[in-house]
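Numbering (the working numbering), first residue to last: 2 to 108. Take a look at the structure below.
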Amino acid sequence: MKLLVTIVQDQDVPVLLDTLMKEGYSATKLASTGGFLRMGNTTLLIGVDDEKVDNALELIARVSSKRDEYQIDPLTSFGTSILPKMDKVTVGGAIVFVVDVERFEKI
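See below:
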């Protein structure tokens, strides 16, 4: 058995959880924050049988795709320009740590 420690953007979580549940996976959801933009993230703990890891990773990749967003450059937003500069930033995707589980019990 493996534990997938999966970090995704908050906006991807509802669809990802729904997709995982429909495929028979269960997950524990934890709020987290981090990354360059300090945007809200969610960490999902997903217990997966060894033979289902690749399928779970494919589902996560499909739902948590990368996309471009525009962020205001903080250096130009404080009076140095009438129109603040917008920077294109790639967001989304997922970070997944696949960890061996020595023992698993439901109590």
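Glycine included, each C-beta is placed from N, C-alpha and C at the ideal position.
Quiz item: Considering only residues of the same chain and omitting the five flanking positions on each side of tyrosine 71, which have a CB-CB separation below 8 Å?
Solution: The residue labelled residue 71 in the question sits at position 70 within the sequence shown. Met87, Asp88, Lys89 and Val90.
Quiz item: Can you list, in chain order, the stretches of the alpha helix (DSSP H) that have 4 or more residues and sit fully within the stretch 6-31?
Solution: Listed in chain order, the alpha helix (DSSP H) elements of length 4 or more contained wholly in the stretch 6-31 are 14-23.
Self-check item: For glycine 35 and alanine 62, the rounded distance between their alpha carbons
Solution: Reading the sequence shown from its first residue, position 61 is the one you call residue 62. Reading the sequence shown from its first residue, position 34 is the one you call residue 35. If you take the alpha carbons of alanine 62 and glycine 35, they lie about 20 Å apart.
Self-check item: Interface flag, phenylalanine 98 vs chain B, CB-CB below 8 Å
Solution: The structure shown contains no chain B; it is built from a single protein chain.
Self-check item: 7 Å Cβ shell around isoleucine 96 - same chain, five flanking residues per side excluded
Solution: As a working mapping, residue 96 is identified with position 95 in the sequence shown. Same-chain partners within the cutoff: Ile8.
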